[in-house]
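Number 431 marks the last residue of the sequence shown (our numbering); no jumps.
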Amino acid sequence: MKLSPRIPALLLTALLVTACAPQTSTNSSSDKDEKTGTLRVWLFQEVGNEPKQKVVDSVVAAFEKAHGGTHVDVEYIPVETRAQRVKAAFNDPSSAPDVMEYGNTDTAGYVKDGGLLDVSKEFTGWSEAKDTDPTAKTSVTVDGRIYGSPFYVGVRALYYRTDVFEELGLEVPRTMAELAVTARRIRAAKPELYGLVVGGAYTYGAMPFIWANGGELATGKDGSYASAISGAAAQKGIKEYTSLFTDDNCPAAKCAGMGGNDTITAFAAGKAAMAIGGDFSHTAVEAGKVKGEYAVVPLPGVSAGTIAPAFAGGNNIGVLKSTSHRTLAVQLMEQLTSKKTQTAMFDAMGFLPTFADVRQRVAAEQPYVKPFAQTLAAGTKFVPASPAWSQIDSSAVLPTMFQEVVSGKKSVAAASKEAATKMNDAFGSAG
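Below you can see the structure in the form of structure tokens.
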């Protein structure tokens, strides 16, 4: 998901929605396909929602003009009440919207709950779909079927203080090993700063370390997964990440409980020389004390010249299975996620487009986008396409693992083995 540091919280809320959603649903696909009438749309209410609303209003006006007798009713759903609203919509089609925005990690859960419409045929036949980022497309795909259209994507890269690096004569790290060494050199020279601020509860900041070392969260497909977090390669990545929680970089006493928001807040406030932040963190950093004194590069991988795989977050827009306006709803979904709309959303909100060509264009116009576009081009990763992921995430399985290692309570082997057991229990209960 996206925008400023509010987004990781939004992502968490979106995941909790799935955890609270019904495990079974009695709703079924409507046999109606009305060509006029009212289309109900639910979108996320952003912090500073007016720019988003203006873009949406423009799309809606054009859609209504092109479809006589059709009215589009857009409602912006507060994060606090989303769980109840989505659960009610899945259980009672009469209260459901026709089109809905949702977090991309929610797809598998919503499909299992019977809420989303299979739009594989329409999406495949849509001329713009061919330019969709592969990972973004994965986020709307379950068991080979497509259940929505990507709306925007968000990835993380390495923010660093140009003034600090210049003062200390430091080079930008080219590998993860150099990253750790550079962080400790900064901390030694400037003990008032974290070298690289990290968080024990920052799951999406830790994942690149696991993936860069060849590890995986889980293996499998088509809804059947087994945890791989205790594998040798994953353990190597866990060790590399947790080794950063030391007094000579980011003391465990202060950093073990930090989440993504906390790390970006620390960097923006001038308390850290480096941080792993998203394209959606740009606004917050620009509003902080380090404005004009920082730069961003892709997070380096294990070998020089490589980029660590990043988690591809973001939001999608889908059609509910209960809609009685299938054709119109799918067309509106396409218009809300089109190249034109995504360009406008980037200009208005900073949402990173899911189309490769559009992303290249905005990167040329806005230099800050370049490292994130490079990260996406290098190849990103996604969470297991299983409804179990919401349970795994909301239960803080991975943060607990990191924090147990950082605190010294458990070894990497023991903590990852316990995390794997919890993940497998969740995968098993998901069916």
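Ideal Cβ positions, reconstructed from N, Cα and C, are used throughout, including at glycine. Just so we're clear, the structure is a prediction, and the values are computed from it rather than from any experiment.
**OP:** Measure from the alpha carbon of Thr-162 to the alpha carbon of each residue in Phe-267, Leu-244, Gly-148, then state which is nearest.
**Re:** Phe-267
Original post:
What are the start and end residues of each continuous alpha helix (DSSP H) run of 4 or more residues lying completely inside the segment 262-347, in chain order?
Top reply: 282-286, 326-336
Original post:
Going by C-alpha distance, which of Val-99, Ser-230, Ala-426, Ser-120 is nearest Phe-402?
Top reply: Ser-230
**OP:** Please work out which residues of its chain come closer than 6 Å, Cβ to Cβ, to Ala-378, disregarding the five sequence neighbours upstream and downstream, and give them in chain order.
**Re:** Ile-307
**OP:** Tell me where the beta strand (DSSP E) around Trp-42 begins and ends.
**Re:** 37-44
**OP:** Buried or exposed for Pro-97, please, with buried defined as at least 16 other CB atoms from any protein chain shown within 10 angstroms of its CB.
**Re:** buried
Original post:
Can you tell which of Val-172, Gly-428, Pro-384 has the C-alpha that lies nearest to the C-alpha of Gly-305?
Top reply: Val-172
Original post:
Hey, quick one: how far does the beta strand (DSSP E) through Pro-150 stretch, first residue to last?
Top reply: 149-154
Original post:
With 16 other CB atoms within 10 Å as the buried threshold, where does Glu-167 fall?
Top reply: exposed
**OP:** Using only alpha-carbon positions, find the residue among Asp-131, Gly-205, Met-100, Gly-288 that is nearest to Val-358.
**Re:** Asp-131
**OP:** Work out the CA separation of Gly-259 and Tyr-194 for me, nearest whole Å.
**Re:** 15 Å
**OP:** Return helix, strand or coil for Met-258, following the three-state DSSP convention.
**Re:** coil
**OP:** Output yes if chain B places a C-beta closer than 8 Å to the C-beta of Ala-256; else output no.
**Re:** Any reference to chain B falls outside this structure, which holds one protein chain only.
**OP:** Could you tell me which uninterrupted beta strand (DSSP E) segments, each at least 3 residues in length, are contained entirely in the segment 137-190, listed from first to last along the chain?
**Re:** 149-154, 156-161
**OP:** Would you identify the three-state DSSP class for Val-358, choosing helix, strand or coil?
**Re:** helix
Original post:
When the Cα atoms are used, what is the spatial distance from Leu-43 to Arg-187?
Top reply: 43 Å
Original post:
Using the rule of at least 16 other Cβ atoms within 10 Å of the residue's Cβ for burial, across every protein chain shown, is His-71 buried or exposed?
Top reply: exposed
**OP:** Determine the DSSP secondary structure at Asp-393, reduced to helix, strand or coil.
**Re:** helix
**OP:** Could you work out which residue in Thr-323, Lys-381, Lys-409 is closest to Ser-139 when comparing CA atoms only?
**Re:** Lys-381
**OP:** Please confirm if the segment 287-298 is in contact with the segment 38-57, defined as three or more CB-CB distances below 8 Å between the two stretches.
**Re:** no
**OP:** Put Ile-210 into one of helix, strand or coil per three-state DSSP.
**Re:** helix
Original post:
Cβ atoms of Arg-156 and Ala-310: under 8 Å apart, would you say?
Top reply: yes
Original post:
Which residue's Cα is closest to the Cα of Lys-340: Gly-69, Arg-326, Phe-355?
Top reply: Phe-355
Original post:
Considering only the beta carbon of each residue, do Phe-151 and Gly-48 sit closer than 8 Å?
Top reply: no
Original post:
Going by the CB atoms, is the gap between Ala-348 and Pro-51 shorter than 8 Å?
Top reply: yes
Subject >> Cβ pair Ala-385, Thr-141 closer than 8 Å >> reply: yes
**OP:** Tell me whether Ser-95 is buried or exposed, calling it buried when 16 or more other Cβ atoms sit within 10 Å of its Cβ.
**Re:** exposed
Subject >> Where Val-111 falls: helix, strand or coil (DSSP) >> reply: helix
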